[in-house]
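Residue numbers (our numbering): 132 to 339.
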């Protein structure tokens, strides 16, 4: 049963996911990662600060790193929808943000794995799955954690029917839309409050 998205607070995607599909950390009927994704690390390429500083003119496109966008540059290597999974410097514990979705023209550096979902996999579903999954046993290092491609391929992946994945994805989109409306309402309320406060202060000064 789908829950009603809340407008006044962050929606608990994890709770909805677990209710529909179970806890990813306790699944027994998992699939291989490559049954759900095409791994396209060949599409990524690092650019140092000096090179990127010369690429800030004209039409700009997102430049992504381990945990999201880190710059905007005037060239791109990809034009697709993909899931990026931090290769290093990520937060790999259960409930931590390890993955993010990219869409359209972009450039990804070598700090994130590039996963393009196959027809059997919904990207919103997968993104939430990786946020819930505890991946600490698949990473190496102590001060600088690293998820190698080899270890990433060992990560179990849950593949329920695509129709159920899409139902969850619709819930995520509706929740994001509701949160945007809520955030806009809060911003407008604060703006109105400031205007009223400034108006009252002006009246007090004029009265003196």
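Glycine included, each C-beta is placed from N, C-alpha and C at the ideal position. All of these numbers come straight from a predicted model, not from anything done at the bench.
*Would you check whether the ligand ATP has a heavy atom nearer than 7 Å to the C-beta of residue 295?*
Ligands are entirely absent from the displayed structure, and the ligand ATP is therefore not among its contents.
*Of the residues 299, 263, 291 and 303, the one placed nearest residue 161, counting alpha carbons only*: 291
_Start-to-end residues for the alpha helix (DSSP H) that takes in residue 257_ = 254-263
*Within 8 Å, strictly: CB atoms of residue 174 and residue 209*: yes
_Local Cβ density within 10 Å of residue 147, reported as buried at 16 or more and exposed below that_ = buried
*6 Å CB neighbourhood of residue 271 in its chain, flanking five on each side removed*: 277
*Kindly indicate the opening and closing residues of the alpha helix (DSSP H) around residue 281.*
280-283
_DSSP three-state assignment for residue 158, whether helix, strand or coil_ = coil
*Report the option in 152, 144 and 143 whose CA atom is closest to the CA atom of residue 288.*
152
_Spatial neighbours of residue 155 within its chain, please: C-beta separation below 7 Å, excluding the five flanking residues on both sides._
260, 263, 264 and 289
*Quick one: residues in its chain with C-beta nearer than 7 Å to the C-beta of residue 179, no 5 flanking neighbours on either side, listed in chain order?*
none
*Hey, residue 159 and residue 223: beta-carbon distance below 8 Å or not?*
no
*asked:* Is the beta carbon of residue 242 closer than 8 Å to that of residue 227?
replied: no
_Checking the sheet assignment: what are the DSSP bridge partners for residue 202?_
194
_Quick check: the segment 192-205 against the segment 233-250, are at least 3 beta-carbon pairs closer than 8 Å?_
yes
*Kindly indicate the opening and closing residues of the alpha helix (DSSP H) around residue 144.*
144-152
*Within 10 angstroms of its Cβ, does residue 274 collect 16 or more other Cβ (buried), or is it exposed?*
exposed
_So, under 8 Å CB-CB, residue 306 and residue 144 are touching, yes? Tell me the CB distance rounded to an integer number of Å._
7 Å
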